[in-house]
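Quick notes on the structure that follows.
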Amino acid sequence: MSVKLNLWTSRRMARIAILGALTGAFSFIPIPVMPGMTLDPVIPALAMTYYGAFEGYWCYVVGQLIRYITQSPSKLIVNPFDIFMGSPCAMIFCAWIIRKVRYPLNLIAGVLAAILFHAYTIFPYCVIVYGWELVSIVFPLQVLGALIVISVCFVVAFGGATYMWKARGEPIFPWRFIKPEERFSVANRIRILISTAFMILTSIIAYGICFTPYVSAEIAGPPYSPYRLWMDSWIRHPITLGIGWFFWEMYKRNGEWFKISE
């Protein structure tokens, strides 16, 4: 029996619009450890915990669009597809993790997954944007800043979601109580294979470019040069999209998760 899901319902679009606007507002709250880091992931983290990967991803995309238009319009000029990559993809990964790992271990697993995603995808960013000379300084600061942001995000996400579930008389992490006969998949094996290949390819490209002369000061110029920013946006940043797409296809293997947030 085939099951079809309509994700773009009016209710979900309203959620995404409201949560996206809040995400854009939180992007004005900076994290002092690392320049450029803000608290914008807080609302998407709550959305992906309570609603799921779909709302978590798309409200972050809307939030990033607001952030770029109001604060960094040049990023949209360099790569207009930038809003679909980066942290929004982490929401898909974390949403899958906290639903696959059993409670209460999923609380720890969600935090570790977010840190792992950031560290894995930000290392080539540090090499490309700053150069190997500054990686030993910039990368630890990036990880430290991420630890602060992620800690705040998951306190808000788990605390807020728990409050909302209790307010509606629902159990914490209600997907734990879905009966086996109610489970179904809307995943496609071919798409899973393609997304796996894309994830591997984007990782190879992102890390491979780091060991070429193209990131050297002689060719790429000083840190944050236009060339480095262009290379990061088009060559490194798709690594996040590869991970996000793969775990989105894996997430669809549990179609019942979408039914909870209809």
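Each residue of the sequence shown is one higher than the one before, counting from 2 in the working numbering. Glycine included, C-beta positions come from ideal geometry on N, C-alpha and C.
Euclidean distance between Cα positions of residue i and residue j
{"i": "residue 260", "j": "residue 101", "result": "16 Å"}
{"i": "residue 255", "j": "residue 134", "result": "45 Å"}
{"i": "residue 30", "j": "residue 207", "result": "29 Å"}
{"i": "residue 123", "j": "residue 10", "result": "34 Å"}
{"i": "residue 214", "j": "residue 220", "result": "7 Å"}
{"i": "residue 14", "j": "residue 130", "result": "35 Å"}
{"i": "residue 63", "j": "residue 126", "result": "23 Å"}
{"i": "residue 190", "j": "residue 51", "result": "27 Å"}
{"i": "residue 103", "j": "residue 69", "result": "37 Å"}
{"i": "residue 79", "j": "residue 107", "result": "37 Å"}
{"i": "residue 160", "j": "residue 217", "result": "45 Å"}
{"i": "residue 1", "j": "residue 56", "result": "The structure shown does not extend to residue 1, since the chain spans only 2 to 263, so no value can be given for it."}
{"i": "residue 89", "j": "residue 174", "result": "21 Å"}
{"i": "residue 150", "j": "residue 182", "result": "39 Å"}
Beta-bridge partners of residue i, as assigned by DSSP
{"i": "residue 50", "result": "Looking at the DSSP assignment, residue 50 forms no beta bridge with any residue, so it has no partner."}
{"i": "residue 89", "result": "Residue 89 pairs with nothing; no bridge assigned."}
{"i": "residue 24", "result": "DSSP lists no partner for residue 24."}
{"i": "residue 31", "result": "39"}
Residue i CB to nearest heavy atom of the ligand FMN below 8 Å
{"i": "residue 166", "result": "The model on display carries no ligand, and the ligand FMN is accordingly not part of it."}
Distance between beta carbons of residue j and residue i, contact taken as under 8 Å
{"i": "residue 44", "j": "residue 24", "result": "5 Å"}
{"i": "residue 263", "j": "residue 184", "result": "That belief does not hold up - the Cβ atoms of residue 263 and residue 184 are roughly 16 Å apart, past 8 Å."}
Length-filtered (3 minimum) beta strand (DSSP E) runs lying within the segment 181–259: none
Would you check if the segment 91–98 and the segment 243–262 touch, i.e. whether three or more CB-CB distances between them fall below 8 Å? yes
So, do the segment 169–176 and the segment 213–226 have three or more beta carbon pairs nearer to each other than 8 Å? no
Between the segment 70–86 and the segment 227–239, are three or more C-beta pairs nearer than 8 Å? yes
Tell me the start and end of each unbroken alpha helix (DSSP H) in the segment 106–193 that is at least 4 residues and wholly inside, in chain order. 106–131 and 133–168
With contact counted as at least three CB pairs below 8 Å, one residue from each stretch, are the segment 139–155 and the segment 107–116 in contact? Contact check between the segment 139–155 and the segment 107–116: three or more CB pairs, one atom from each, fall below 8 Å, which counts as touching.
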